[in-house]
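Numbering (full-length UniProt numbering), first residue to last: 1 to 98.
Listed below in structure tokens is the structure:
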């Protein structure tokens with residue numbers, strides 16, 4: 001496996017491990033999700049260049065727009081939970097109660 005591919009895989013896996021182990025605050029979970037999306041974006045941006053596939057050049061932009069929507073929704077949930085519960089601890093949140 002080439003070194004850039006290994007770096008992208010390790011960045012994605014370490015972000016996933018951070019998401020799995022640092023589950024106390026919503027901000028840390030959102031940062032781990034954003035770093036996962038960033039590593040996927042960089043990997044998908046380099047992939048069409050390596051394979052000279054011009055038809056796949058729009059996929060990174062589509063994924064980047066979905067990532068921006070995910071970040072906006074996550075920050076809206078963060079603001080709403082901070083206003084209602086007073087903190088961003090994930091153990092205070094229960095998705096079954098509104």
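C-beta: ideal position from N, C-alpha, C; glycine also. Small disclaimer: the values here were computed from a predicted structure and weren't measured.
Distance between residue j and residue i (C-alpha atoms, nearest Å)
i	j	result
residue 73	residue 5	30 Å
residue 11	residue 31	13 Å
residue 53	residue 59	11 Å
residue 87	residue 49	44 Å
residue 80	residue 29	16 Å
Sub-8 Å separation of residue i and residue j beta-carbons
i	j	result
residue 78	residue 3	no
residue 24	residue 90	yes
residue 41	residue 14	no
residue 17	residue 33	no
Reduced DSSP secondary structure (H/G/I, E/B, other) of residue i
i	result
residue 89	strand
residue 22	coil
residue 1	coil
residue 80	helix
residue 44	helix
Selection from the options that minimises the alpha carbon distance to residue i
i	options	result
residue 39	30, 8 and 16	8
residue 35	46, 57, 64 and 56	64
What residue ranges within the stretch 45-73 form continuous alpha helix (DSSP H) runs of no fewer than 4 residues, ordered along the chain? Qualifying alpha helix (DSSP H) stretches: none in this window.
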